[in-house]
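Protein chains in written order, with this note's numbering: chain Y, 128 to 303; chain R, 112 to 529.
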């Protein structure tokens with residue numbers, strides 16, 4: 128992990144190349160360096176970080192910051208294998224317009240990150256963040272006709288009736 | 112004497128009248144035609160409930176689309192509804208062959224958040240159990256993979272040795288699988304008397320048994336022909352797809368978090384990282400078998416150097432007080448009550464804690480909002496990410512090689528679907 132100073136230097140460099148408003152903030156907590164970026168700068172920032180040596184994307188995952196706004200967060204965990212260094216890039220989008228550019232495919236700003244394919248689908252499935260430009264934006268873990276995004280904090284736990292043999296006739300769509 | 116038209120039986124006459132040209136032509140045409148085949152989710156060669164939509168041209172695989180989610184049980188959601196220490200049993204059930212690793216990733220993340228120091232003895236005990244678990248996981252992989260390749264007897268041998276490991280788990284924790292042995296701050300109990308000797312017996316016998324597996328499989332022409340040179344993939348493509356663990360090491364990249372970013376005192380031990388050269392199925396097989404020997408070495412060293420001291424942190428805010436204190440100490444009783452009812456609170460923040468599981472980088476992301484329940488628990492499961500490489504490996508090869516590749520990929524559907 129870059130230390131707190133290294134992180135600030137990294138943020139400064141990115142602000143110089145991508146514009147001051149691209150980097151919303153930095154956080155150094157328990158040895159984890161996090162850069163918060165503006166959602167529309169995500170591809171460019173990741174491309175700059177790739178040039179800096181962070182060539183592997185180890186994980187993409189979602190977080191719901193309920194009750195704070197904007198609620199939905201997406202984290203990209205980058206890794207530099209030669210320096211054994213990690214940096215986290217995160218962005219936040221509101222639930223009303225949860226749109227982020229997909230990073231799976233190559234674009235004018237450099238090659239894509241194919242590993243994000245399944246993981247972006249999982250974030251879409253669980254949190255409802257839509258990744259524009261993703262080649263196959265469908266649910267991945269939940270059934271295709273499922274309604275709602277179960278990992279959101281306001282989604283109830285155990286809100287679904289379970290069909291057992293004794294309660295089969297009470298459930299809709301089951302006829303004996 | 113030639114048979115005339117009249118002398119021929121009715122059957123023979125009809126047989127002669129059939130022109131085969133049409134039939135032959137149509138078989139040729141099917142080689143050009145694409146056939147989409149549904150493979151799984153209940154096929155034994157999918158190692159769980161994985162469904163693959165495979166498009167075939169003759170016997171050649173043209174495209175693979177994995178369909179997953181059949182054992183999605185919402186463990187990450189369940190975890191948000193439980194106190195920190197009650198999450199351990201549910202995350203253990205994700206990747207059901209490497210339960211100690213799931214617990215380690217989760218406990219490590221919570222320890223980092225709460226800044227809990229783990230005693231050296233607990234770290235060594237963790238390493239012993241992690242490496243035993245790695246061997247058990249690799250044994251199941253080896254047995255079932257060999258079964259897919261038609262070698263039945265090796266499965267029985269592998270399960271025989273795995274029983275020894277499960278017996279050891281039972282001895283130290285009381286349970287054979289999903290042991291809940293790792294706790295936040297250390298391990299549940301110190302190892303019982305005689306455990307170390309039992310482990311020594313196992314580490315003595317295991318390398319010889321692994322030699323025997325090698326002797327069976329490396330002399331098996333069928334196994335070798337199905338593994339050597341089939342479905343290779345280079346390290347750069349694998350890295351782009353996020354693949355880690357034995358699959359990446361088989362392609363020649365020696366990335367192993369136990370060496371690169373040691374956790375739980377792994378830097379105290381002397382071991383090697385097996386790497387492959389071409390990254391075909393044989394390398395994937397050979398790397399994993401070689402890892403069994405290295406794990407044995409680590410276990411022996413951890414037993415030799417096992418330090419004295421507490422097996423769990425003495426911070427009473429996080430770990431339960433010893434049972435005997437409850438009868439004499441009011442403070443211990445209060446701590447016990449508080450931990451069992453509400454659980455401990457963790458300072459707000461987010462951490463990402465990666466470890467090296469038998470399948471690659473297993474990382475746990477935990478977000479705390481300051482309460483006694485995690486606000487988000489996410490497992491970066493290596494099987495889930497590695498599965499994306501299957502189509503890149505197996506497209507353009509024969510369907511039989513796809514089965515071998517899937518076996519060498521070692522996907523655990525409990526981990527993929529979570």
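Every residue, glycine too, gets a C-beta built ideally from N, C-alpha and C.
The structure presented is a predicted model; accordingly, all values stated were derived computationally and were not measured.
Here residue 361/R is not bridged, per DSSP, to any residue. Of all C-beta pairs linking the stretch 270-289 of chain R to the stretch 339-349 of chain R, fewer than three are shorter than 8 Å, placing the two stretches out of contact. Judged by their CB atoms, residue 356/R and residue 195/R are not nearer to each other than the 7 Å cut-off. Residue environment: residue 299/R is assigned as buried (16 or more neighbouring CB atoms within 10 Å of its CB, all protein chains considered). Residue 224/Y and residue 466/R have their C-alpha atoms some 35 Å from each other. If you look at residue 519/R, you'll find it in the alpha helix (DSSP H) that goes 510-520. The bridge partners DSSP lists for residue 475/R are 464/R, 490/R. Bounds of the alpha helix (DSSP H) holding residue 211/R are 210-225.
Boundaries of the alpha helix (DSSP H) around residue 324/R: 306-328. Close partners of residue 223/R in chain Y (Cβ separation under 7 Å): 157. A straight-line Cα-Cα distance of about 10 Å links residue 146/R and residue 173/R. Take the alpha-carbon of residue 284/Y and the one of residue 499/R: they are about 30 Å apart. The beta carbons of residue 389/R and residue 296/R sit no closer together than 7 Å. Cβ neighbours of residue 363/R within its own chain (closer than 7 Å, five residues either side excluded): 346, 386, 387, 388, 390.
Contacts with chain Y (Cβ-Cβ distance below 7 Å) from the stretch 361-384 of chain R involve 366, 371, 372, listed in chain order. Counting other Cβ atoms within 10 Å of its Cβ, residue 217/Y reaches 16 or more and is therefore classed as buried. Shortest Cα-Cα distance from residue 254/R to any of 287/R, 156/R, 204/R, 478/R involves 156/R.
For residue 204/Y, at least one C-beta of chain R is nearer than 7 Å to its own C-beta. Residue 237/Y sits in a strand when the DSSP states are folded into three classes. By the Cβ-count criterion, residue 202/Y is buried, with 16 or more other Cβ atoms from all chains shown falling within 10 Å of its own Cβ.
In the structure shown, residue 291/Y falls within a coil segment according to DSSP collapsed to helix, strand and coil. Taking 7 Å as the Cβ-Cβ cut-off, the stretch 227-240 of chain R has no residue approaching chain Y. Straight through space, the alpha carbons of residue 493/R and residue 470/R are spaced by roughly 6 Å. Of all residues in the stretch 487-513 of chain R, only 487, 489, 491, 495, 496, 498, 499 come within less than 8 Å of chain Y when Cβ atoms are compared, listed by chain position. Taking a contact as a CB-CB distance under 8 Å, the pair residue 171/Y and residue 236/Y counts as one, their CB atoms being some 5 Å apart. In summary, residue 515/R is buried, with 16 or more beta-carbon neighbours lying within 10 Å of its beta-carbon over all protein chains present. No Cβ of chain Y is located within less than 7 Å of the beta carbon of residue 456/R.
The C-alpha of residue 183/Y lies about 18 Å from the C-alpha of residue 476/R.
Neighbours of residue 474/R in chain Y, taken as residues at a C-beta separation under 8 Å, are given in chain order as 185, 186, 204. Residue 176/R has its alpha-carbon roughly 12 Å from the corresponding atom of residue 151/R. In the three-state scheme derived from DSSP, where H, G and I count as helix and E and B as strand, residue 204/Y is classed as strand.
Taking C-beta atoms as the reference points, residue 524/R and residue 241/R fail to come closer than 7 Å. Each of 528/R, 526/R, 511/R, 529/R was checked against the Cα of residue 256/R, and the nearest Cα belongs to 511/R. In its chain, beyond the 5 residues on either side, 207, 210, 277, 280 have a beta carbon closer than 8 Å to the beta carbon of residue 288/R.
In summary, residue 333/R is exposed, with fewer than 16 beta-carbon neighbours lying within 10 Å of its beta-carbon over all protein chains present. In summary, the residues of the stretch 230-249 of chain Y whose CB is separated from some CB of chain R by less than 9 Å are 238, 239, 240, 241, 242, 243, 244, 245, 246, 249, in the order they occur in the chain.
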